[in-house]
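> Here you go, one structure.
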Amino acid sequence: EGEVQIETARQITIEPVMKVGDVSETVIIEGSIAPLVTTSEATVGSTLDSMRIKELPINGRNINALLEDTVPGLEAIIDVNGGVRAAGLMVYSTDYVQDGASSNNREFGGSGIIQGLESIGEVRVETSTSSAKYNRPTSVIVTTKGGSNQFHATAFETHRNNGFGVARARQDVLFTGSEYKVPTLLRNEYGFSLSGPVFLPKFGEGRPALYNGKNRTFWFFSRESLRLKQGLTREFVVPTEAWRRGDFRGLVDSLGRAITLYDPATTRLQTINGRQVSVRDPFPNNIIPINRISPLARAIFAITPLPNDPTVNPLVTNNYKTAVATNGFPNRTDDQNTIRLDHRFSEKDNAFFKIHGGKNRANFIGTAANTGAPTLNNEANVTYLPMEGITGGGSWTHLFSPKFYV
Numbered sequence: 013e014g015e016v017q018i019e020t021a022r023q024i025t026i027e028p029v030m031k032v033g034d035v036s037e038t039v040i041i042e043g044s045i046a047p048l049v050t051t052s053e054a055t056v057g058s059t060l061d062s063m064r065i066k067e068l069p070i071n072g073r074n075i076n077a078l079l080e081d082t083v084p085g086l087e088a089i090i091d092v093n094g095g096v097r098a099a100g101l102m103v104y105s106t107d108y109v110q111d112g113a114s115s116n117n118r119e120f121g122g123s124g125i126i127q128g129l130e131s132i133g134e135v136r137v138e139t140s141t142s143s144a145k146y147n148r149p150t151s152v153i154v155t156t157k158g159g160s161n162q163f164h165a166t167a168f169e170t171h172r173n174n175g176f177g178v179a180r181a182r183q184d185v186l187f188t189g190s191e192y193k194v195p196t197l198l199r200n201e202y203g204f205s206l207s208g209p210v211f212l213p214k215f216g217e218g219r220p221a222l223y224n225g226k227n228r229t230f231w232f233f234s235r236e237s238l239r240l241k242q243g244l245t246r247e248f249v250v251p252t253e254a255w256r257r258g259d260f261r262g263l264v265d266s267l268g269r270a271i272t273l274y275d276p277a278t279t280r281l282q283t284i285n286g287r288q289v290s291v292r293d294p295f296p297n298n299i300i301p302i303n304r305i306s307p308l309a310r311a312i313f314a315i316t317p318l319p320n321d322p323t324v325n326p327l328v329t330n331n332y333k334t335a336v337a338t339n340g341f342p343n344r345t346d347d348q349n350t351i352r353l354d355h356r357f358s359e360k361d362n363a364f365f366k367i368h369g370g371k372n373r374a375n376f377i378g379t380a381a382n383t384g385a386p387t388l389n390n391e392a393n394v395t396y397l398p399m400e401g402i403t404g405g406g407s408w409t410h411l412f413s414p415k416f417y418v
């Protein structure tokens, strides 16, 4: 007798060795008989069971970050798309499969709407010579938890705040003119899971239940959510209060040379040294009349923040400093739900059906040098990336004999 634990997407070959003993002798092999080294396949892979997923420390409940910490050669891509890659390949080189259903983000690469840690029973990552049924170099194979004969319930919440702890010690502080302010970091991760046998009561004293699924039918449900508000302190150039009124007196470049603004409405041809050239008259005192400012410029000025350092020349250096969400540190609102139903028809027939879906919403500004400052109401210069997805998976396993499976 012995025990064998079959992990997700892994093949195990057992070769028992028996010796002839005395008629009164009993030989009992206790514990696991699984081989320490797999010799029946050349796949390079690592498996995490639910206990390791639950107990390993991780910064955030993200399966990709967990895999980066536990699977050799795997790197997590920390951005709005997410995902992992092996051996320096692009994020598109990873194939995500949840209970047999593909869940890749086909537009940006990455993992798309992948299940939360609370609903994952086991995950296996294959980084070399994976099965031919997976069409990418790296495969992340996820198996969902199922119910059991006992009712189980879990709940959790984790919270981080820039008001205390390590987050308060950040160096990219913002000087508001009277005090130094740490960029906002508010992260709430919370959720719950419920599972047990299917039981349909029949109301009334002494009446049997409509259905008692003990040892036959089980259910599992989980929900996980993330609320993240964060940012990095960055500098921008915005129009000064005087510029918005058309007042450009004292306008100079980085070398201190005066810059004169000319009125395009006075453009005319003039003969100079026998040649006709276009000339314009300068605006008096370098001030553009208020009625000459276009409606579009007025609308842009209305939603553009004022500089918080009005003492500097915006043609020379940045005059607006603020904390913003970037594509490496986006603001996020995520919600994910998982439902699974298992049923045992007989000792030889088992089936399950699972649905997983959710919404991931992120907003950020780019990190390019020409990216403008975010507007007061975030109507411009901000990228909104909503993602919504749903996957389903099912399986029916029939045992014809202990040596033959379909």
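Quick note, my numbering runs 12 ahead of the 1-based positions in the sequence shown.
Where is the CB? At the ideal position from N, CA and C, for every residue including glycine.
(1) Out of Val16, Ala392, Leu238 and Val289, which one is the CA nearest neighbour of isoleucine 26?
(2) Just the Cα atoms here: how many angstroms apart are asparagine 71 and isoleucine 300?
(3) Along the chain, where does the beta strand (DSSP E) containing glutamate 138 start, and where does it finish?
(4) Flag this pair as yes or no: are the beta carbons of valine 250 and asparagine 375 separated by less than 8 Å?
(5) Does the beta-carbon distance from arginine 352 to lysine 366 come in below 8 Å?
(6) Who does glycine 405 pair with in a DSSP beta bridge?
(7) Apart from the five residues just before and just after proline 149, which ones in its own chain have a Cβ nearer than 7 Å to its Cβ?
(8) Would a C-beta distance cut-off of 8 Å place isoleucine 302 and arginine 257 closer than the cut-off?
(9) Where does serine 160 fall in DSSP's three states?
(10) Output needed for serine 266: all residues of its chain with C-beta closer than 6 Å, excluding positions within five of it in sequence on either side, in chain order.
(11) Using the three-state DSSP reduction, which class does isoleucine 18 fall into: helix, strand or coil?
(12) Measure the C-alpha to C-alpha separation of proline 84 and leucine 308 and round it to an integer number of angstroms.
(13) What ranges does the alpha helix (DSSP H) occupy inside the segment 299 to 348, keeping only unbroken runs of at least 4 residues that lie completely in it?
(14) Looking only at its own chain, which residues have a Cβ that is under 6 Å from the Cβ of aspartate 354, when we skip the five neighbours before and after it?
(15) What does the alpha-carbon distance come out to for the pair serine 123 and phenylalanine 232?
(16) What do you get for glycine 33, buried or exposed, if any count of 16 or more other CB atoms within 10 angstroms of its CB means buried?
(17) Terminal residues of the continuous beta strand (DSSP E) containing aspartate 61?
(18) Please classify phenylalanine 215 as buried or exposed, where buried requires at least 16 other C-beta atoms within 10 Å of its C-beta.
(19) Report the rounded CA-to-CA distance for asparagine 147 versus aspartate 321, giving the unit in angstroms.
(20) Roughly how many whole angstroms lie between the Cα atoms of leucine 397 and aspartate 81?
(21) When the Cβ atoms of the segment 161 to 170 are set against those of the segment 195 to 214, are three or more pairs found closer than 8 Å?
(22) What distance in whole Å lies between the Cβ atoms of asparagine 298 and threonine 272, which are believed to be in contact at a cut-off of 8 Å?
(23) Which residues bound the beta strand (DSSP E) around isoleucine 284?
(24) Note down, in chain order, each residue of its chain lying with its Cβ closer than 8 Å to the Cβ of phenylalanine 341, except the 5 sequence neighbours on either side.
(25) DSSP has glutamine 288 in a bridge; who is on the other side?
(26) Taking the DSSP output, what are the residues bridged to glutamate 87?
(27) Where does tyrosine 223 land, buried or exposed, given buried means 16+ other C-beta within 10 angstroms?
(28) In three-state terms, what does DSSP make of arginine 73?
(29) Checking the sheet assignment: what are the DSSP bridge partners for proline 220?
(30) Taking the beta carbon of proline 276 as the centre, do at least 16 other beta carbons fall within 10 Å, making it buried, or is it exposed?
(31) Just to confirm my understanding: we take glutamate 130, look at its own chain, exclude 5 residues before and 5 after, and list those with CB closer than 6 Å. What are they?
(32) If you drop the 5 nearest sequence neighbours on each side, which residues of the same chain put their C-beta closer than 6 Å to that of threonine 20?
(33) Going by C-alpha distance, which of Leu318, Asn390 and Ile125 is nearest tryptophan 255?
(34) Would DSSP call asparagine 297 helix, strand or coil?
(35) Would glutamine 348 be called buried (16 or more neighbouring beta carbons within 10 Å of its own) or exposed?
With the structure as the only source:
(1) Val16
(2) 54 Å
(3) 132 to 140
(4) no
(5) yes
(6) Lys366
(7) Ala98, Leu101 and Ser105
(8) yes
(9) coil
(10) Val328
(11) coil
(12) 55 Å
(13) 307 to 315
(14) Gly158, Phe230 and Phe364
(15) 23 Å
(16) exposed
(17) 56 to 61
(18) exposed
(19) 54 Å
(20) 27 Å
(21) yes
(22) 6 Å
(23) 280 to 284
(24) Gln242, Gly243, Leu244 and Phe376
(25) Thr283
(26) Arg97
(27) exposed
(28) coil
(29) DSSP output for proline 220 lists no bridge partner at all.
(30) exposed
(31) Gly203, Ser205, Ser234 and Glu236
(32) Glu134, Arg136, Ile153 and Thr155
(33) Leu318
(34) helix
(35) buried
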